[in-house]
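First to last, the sequence lines map onto chains Z and S. Just so we're aligned, residue 1 is where the first sequence starts under my numbering, counting upward by one. Just so we're aligned, residue 262 is where the second sequence starts under my numbering, counting upward by one. A short write-up of the structure that comes next.
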Amino acid sequence: MKSLQIAATGMAAQQMRVDVISNNIANMSTAAYRPRVAEFSDLVYQQYLTPGTITSQLGTVVPAGIQVGTGVKASTVSVEITQGSMRQSGGELDLAIDGNGFFEVQLPDGETVFTRDGKLNRSQDGQIVTMDGYPLADGITIPDDANRISISRDGQVTAYFDNTETGQSIGVISLVSFVNEKGLEAVGDNLFRLTEASGDANRQVAGTNGLGTIRQGFIEDSSVDVVKEISDLIEAQRGYELNSKVITASDEMLAATTRLR
Amino acid sequence: MSNSIYATLSRQDGLLKELQVVANNIANTNTTGYKTDRAIFAEYLVSTGDQTPSLSMGALAGHTFDLTQGTVKFTGGQFDLAIQGEGFFALQTPAGERLTRAGAFQLSATGELITPDGANVLDSGNTPIQIPPEAASISIAGDGSISADGELLGQIGVFRANGQLQRDTDTRFTAEGGTEAIENANVLQGAVEQSNVSPVLEMARMIKVQRAYEAGQNVLEQEHQRSTQYISTVGNR
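Structure below.
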């Protein structure tokens with residue numbers, strides 16, 4: 001009774017889809033979160049009769065053969081590359097990327113990771129750090145006596161002081177792009193790590209080489225579309241039920257067989 | 262033994278396989294680019310000796326799939342492609358060239374257009390497609406032409422299969438008789454073709470299979486009772 005196992009693979013796939021959807025919905029308010037989507041593909045086919053098998057000396061062949069499928073598997077859970085909407089927050093160190101790119105963040109162990117979440121802060125020694133206190137890899141330190149910071153669209157950071165009108169450039173926040181953004185490994189806390197599949201990190205000035213621009217005073221919202229997630233959830237739930245009906249039918253057919261004697 | 266038992270058994274065996282086909286369709290209701298499977302039954306005759314008419318049996322004879330267009334779902338993904346109408350994308354896999362209608366593609370670390378499991382997508386000249394990494398916007402036109410920032414890069418190949426298609430895993434097909442490029446293909450960027458399984462039809466088929474199986478079991482049951490009765494009647498003489 002292979003249909004039992006086939007339906008079980010179907011239920012497992014729908015279950016996984018619900019897991020992915022629930023994670024998306026849970027992150028509907030996470031800054032710069034991008035929804036994940038589960039993709040499925042069919043499993044190997046069992047060949048009862050291979051098409052093209054010769055059926056006579058005249059060279060006639062089996063036209064279609066008998067190939068019976070064995071179910072479904074998850075092929076990938078990929079990140080949808082979408083731009084979240086820009087929410088004005090007014091924060092001096094709230095940065096949103098309008099377009100392609102990531103900020104580069106230095107972890108305490110020296111590894112660099114990447115994020116689009118631009119809710120940044122000033123640390124006790126003046127460094128620009130993420131919410132978790134990890135400094136940006138650009139290594140910008142804001143002078144203690146600066147009363148205002150301005151960040152241009154191409155990432156130029158300028159500090160303004162009480163006694164002068166002209167600002168002083170204190171560094172540049174550059175952005176990083178990847179050939180295959182979907183290949184980045186999510187490590188939690190809105191951070192991503194480079195992998196074989198993503199390609200090397202390509203560090204450039206914002207606004208050049210296909211990179212987006214930096215918007216000061218904005219936060220990129222989560223790009224989860226709740227309506228779409230809910231409709232996918234309904235689809236996944238009904239799919240799960242359909243597969244469970246196949247299990248019931250297979251079970252009843254088995255019962256009919258055992259009733260014979 | 263009674264011929265009716267053999268004839269029914271061949272039918273029951275076929276029904277079990279058909280249920281397997283239905284189960285596979287239902288399991289793949291959300292598989293991108295999946296095409297509904299169909300089982301074909303045919304009668305075959307078995308000789309039962311010189312003096313008696315031959316016995317007709319039913320068995321699974323063939324297998325086909327429904328290539329009708331699945332619903333196109335808009336995803337907005339830059340490399341999500343759907344073919345409207347006829348044709349397949351060609352992939353270069355370690356096992357040889359494969360065809361697919363599942364167009365959720367992405368870029369490799371070196372900028373080649375690939376499937377999620379790393380097979381190269383081929384252009385109309387059967388070569389892998391290379392996308393420049395610094396391109397800000399990639400657009401794929403209706404005829405499959407790929408352009409990066411307004412510069413034409415090539416054309417996504419859409420192929421027609423010559424001869425029979427054979428199913429492979431991962432919603433792929435093998436073309437026995439080779440492929441030929443389609444001139445006026447219709448490719449849609451930012452969308453993927455969903456599975457063309459109709460849950461209602463599959464449920465109806467499943468119920469039909471289940472009832473037919475139960476009917477077959479009843480035939481076997483009655484045949485069993487009939488022969489038991491026959492043995493006891495004849496044995497009592």
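The beta carbon of each residue, even a glycine, is placed where N, CA and C say it ideally should be. Quantities reported herein were computed from a predicted structural model and do not represent experimental measurements.
- Scanning S:T354, S:E463, S:A402 and S:T435 for the CA closest to the CA of S:D298 turns up S:E463.
- A check of alpha carbon separations from Z:T9 across Z:T258, Z:T257 and Z:V246 identifies Z:V246 as the nearest.
- About 34 Å separates the Cβ atoms of S:E454 and S:G319, ruling out a contact at the 8 Å cut-off.
- Closest option to Z:Y134, judged by alpha-carbon separation, among Z:F102, Z:K119, Z:G118 and Z:P108: Z:P108.
- In the DSSP annotation of this structure, the continuous segment of the alpha helix (DSSP H) that includes S:S488 starts and ends at P460 to N497.
- Residues V246 and S250 of the same chain have their beta carbon placed closer than 7 Å to that of Z:S3, with the five preceding and five following residues left out of the count.
- Between Z:M28 and Z:V226, the C-beta gap is smaller than 8 Å, which places the two residues in contact.
- The three-state reading of DSSP puts Z:M16 in helix, counting H, G and I together.
- Residue Z:M11 holds the alpha-carbon nearest to the alpha-carbon of S:T292 among Z:I140, Z:N24 and Z:M11.
- Pairwise C-beta distances place the segment 209-223 of chain Z in contact with the segment 94-104 of chain Z, as three or more of them are shorter than 8 Å.
- By the neighbour-count definition (other C-beta atoms within 10 Å, threshold 16), S:T432 is a buried residue.
- Using a Cβ-Cβ cut-off of 8 Å, S:M318 does not count as an interface residue toward chain Z, since no Cβ of chain Z sits closer than that to its own.
- Taking 8 Å as the cut-off between beta carbons, the residues of the segment 57-80 of chain Z near chain S are V62, P63, A64, G65, I66, Q67, V68, G69, T70, G71, V72, S75, T76, S78 and E80, in sequence order.
- DSSP assignment within the segment 296-354 of chain S yields the following whole beta strand (DSSP E) runs of 3 residues or more, N-terminal first: 298-307, 316-326, 333-335, 342-344 and 349-354.
- Contacts with chain S at 8 Å (Cβ-Cβ) do not include Z:D125.
- Between S:E484 and S:S265, the C-beta gap is smaller than 8 Å, which places the two residues in contact.
- With its beta carbon less than 8 Å from one in chain S, Z:M253 belongs to the interface.
- Listed along the chain, the chain S residues whose CB falls inside 8 Å of the CB of Z:E235 are N291.
- In the structure shown, S:N457 adopts coil according to DSSP, grouped into three states.
- The contact set of S:V333 on chain Z, defined by CB atoms closer than 9 Å, is empty, because the minimum CB distance reaches about 15 Å.
- Taking 7 Å as the Cβ-Cβ cut-off, the segment 413-435 of chain S approaches chain Z at Q425, Q427, R428, T430, D431 and T432, given in chain order.
- The beta carbon of S:I287 sits closer than 8 Å to some beta carbon of chain Z.
- Residues of the same chain with a CB within less than 8 Å of the CB of Z:V187, apart from the 5 flanking positions on each side, are V113 and R193 in chain order.
- The residue among Z:A13, Z:L191 and Z:A201 with its C-alpha nearest the C-alpha of Z:F40 is Z:A13.
- For Z:V44, the chain S residues whose Cβ falls inside 7 Å of its Cβ are T430, in order along the chain.
- Secondary structure note for Z:E235: its alpha helix (DSSP H) is the uninterrupted segment V226 to T258.
- A Cβ-Cβ contact shorter than 8 Å links S:I399 with S:Q339.
- Judged by their CB atoms, S:L321 and S:G386 are not nearer to each other than the 8 Å cut-off.
- The residues A159, Y160 and F161, in chain order, have a CB closer than 7 Å to that of Z:A146 in the same chain once the five nearest residues on each side in sequence are set aside.
- Taking all protein chains shown into account, Z:I149 has 16 or more neighbouring C-beta atoms within 10 Å of its C-beta and is therefore buried.
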